[in-house]
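Protein chains in written order, with my numbering: chain A, 1 to 192; chain B, 1001 to 1192.
Beneath this line is the structure, given in structure tokens, with notes to follow.
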């Protein structure tokens, strides 16, 4: 399982055997079943999650209703707000598919940065990239209609259409499941 | 002007005289007038902006209409997507008020990181904090109604209500100016 993480890191820096051993020794790899809740509201957690295989989903429960905010697939990671704030989580994280993940915490990261400072440099670069991607996604969401959001998804993350239940997808797009069905029907009609 | 930047950094690390001199020598401080466009669609820019005083705004022009996505006030910074992508910008950045800003680019940053590695550590921490904040803002936007978004703004960034024209504020909340007026009137009525 760790090989996929090494492959991901090696897009940026070639790992030495010593660095690989350090990562392996951290014992951060977990196999989790579909439906598993990795984080729940009220929980205090210091765990950041990186997806090696499978799909996880973040959501909130607002007035008894699940509001899906994001999906994280292969080579995507989430550090929930509670990790930095130290406050009980408002966010839920669950597995949409059976998944293989790595789970780390700030203590572990400090230890690795101390041993291998270039990992901190890598994390700085990855954080800046993620920040930029996140900013773009937020901007796209804000400046688009639901139909444009759906077309954007179709173009950029079409894998989600087959991997995610319709009601979660609708919630992710900020619309009701019935609106998503109508939107799809309208687009099929336009194509003909 | 640089003192405010030093004060901000010194919330995290105490600067040496050598480090302060290095920052001063970078010649990154600019004074800009209200209304100045700091970035326009189509422009290739490598500049990240940090606001020392004043207020700047990011927006897109969609079908001839300005869509405001964010405001950055004192001690907030923006690295527009074009800095990392190298592609022409789709984003505009303009000054809502007369402002004092610092402007840096990746080359400058590398140079500073090389001389003072602990600045890279600081940037990693700041990026992670920003990422978390951005994620929370995105989640709040997605899971809230316009009224909830307005109340959230009132609670967390009430300064914007007096600093920003109404049509920009409405756009930022994802609604029409008339809807913002109605929303406000409704809330005043509720209070009575």
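Where is the CB? At the ideal position from N, CA and C, for every residue including glycine.
The model shown is predicted, which means the values in this text are computed figures rather than measured ones.
Partner residues on chain B for residue i, Cβ-Cβ distance less than 8 angstroms
i: residue 86(A); result: In chain order: nothing, as chain B lies at least about 12 angstroms away.
i: residue 47(A); result: Simply none; closest approach about 14 angstroms.
Buried or exposed (CB count within 10 angstroms, at least 16 for buried), residue i
i: residue 42(A); result: exposed
i: residue 102(A); result: buried
i: residue 185(A); result: exposed
i: residue 1117(B); result: exposed
i: residue 1072(B); result: buried
i: residue 23(A); result: buried
i: residue 62(A); result: exposed
i: residue 135(A); result: buried
i: residue 1090(B); result: buried
i: residue 1188(B); result: exposed
i: residue 1070(B); result: buried
i: residue 158(A); result: exposed
i: residue 1114(B); result: exposed
i: residue 25(A); result: exposed
i: residue 1141(B); result: buried
i: residue 154(A); result: exposed
Residue i vs residue j beta-carbon contact at 7 angstroms
i: residue 55(A); j: residue 97(A); result: yes
i: residue 94(A); j: residue 57(A); result: yes
i: residue 47(A); j: residue 100(A); result: no
i: residue 1049(B); j: residue 1028(B); result: no
i: residue 59(A); j: residue 65(A); result: no
i: residue 6(A); j: residue 75(A); result: no
i: residue 132(A); j: residue 1084(B); result: yes
i: residue 123(A); j: residue 1124(B); result: yes
Anticipated Cβ contact below 8 angstroms, residue i with residue j, distance rounded
i: residue 1160(B); j: residue 1151(B); result: The pair is not a contact, with the Cβ atoms about 13 angstroms apart (cut-off 8 angstroms).
i: residue 39(A); j: residue 81(A); result: Wrong, their Cβ atoms sit about 11 angstroms apart, outside the cutoff.
i: residue 1146(B); j: residue 1171(B); result: Incorrect: roughly 12 angstroms between the Cβ atoms, too far for contact.
i: residue 1120(B); j: residue 121(A); result: 6 angstroms
i: residue 1104(B); j: residue 1053(B); result: About 17 angstroms; that fails the 8 angstroms criterion.
i: residue 37(A); j: residue 92(A); result: 7 angstroms
Closer than 9 angstroms at the beta carbon, the chain A residues around residue i
i: residue 949(B); result: Since the first residue shown for chain B is 1001 and the last is 1192, residue 949(B) is missing from the structure and cannot be characterised.
Listed by chain order, chain A residues near residue i by CB distance under 7 angstroms
i: residue 1136(B); result: 81
i: residue 1181(B); result: Those do not exist, as residue 1181(B) stays about 20 angstroms from chain A at its closest Cβ, beyond 7 angstroms.
i: residue 1174(B); result: 142
i: residue 1121(B); result: 120
Chain A residues whose Cβ lies nearer than 8 angstroms to that of residue i
i: residue 1168(B); result: Within 8 angstroms Cβ-Cβ: nothing; residue 1168(B) doesn't reach chain A, min ~13 angstroms.
i: residue 1155(B); result: Correct list: empty, because the minimum Cβ distance to chain A is about 15 angstroms.
i: residue 1019(B); result: Residues of chain A passing the Cβ test: none, with the nearest at roughly 18 angstroms.
Cβ-heavy atom distance, residue i to the ligand ZN, below 6 angstroms
i: residue 27(A); result: As for the ligand ZN, it is missing from this structure, which has no ligand bound.
Listed by chain order, chain B residues near residue i by CB distance under 9 angstroms
i: residue 151(A); result: None at all; the shortest Cβ gap to chain B is about 14 angstroms.
Contact set between residue i and chain B, taken where Cβ atoms lie within less than 7 angstroms
i: residue 131(A); result: 1127, 1130, 1131 and 1134
i: residue 124(A); result: 1120, 1123, 1124 and 1127
*Starting from the N-terminal side, write out each stretch of the alpha helix (DSSP H) that is 4 residues or longer and does not extend beyond the segment 33-92 of chain A.*
Counting whole runs of 4 or more residues, the segment 33-92 of chain A contains the alpha helix (DSSP H) stretches 81-85.
_Runs of 4 residues minimum, wholly inside the segment 98-147 of chain A: which ones carry the alpha helix (DSSP H) assignment?_
Given a length threshold of 4 residues, each whole run of the alpha helix (DSSP H) inside the segment 98-147 of chain A is given here in chain order: 106-115 and 117-143.
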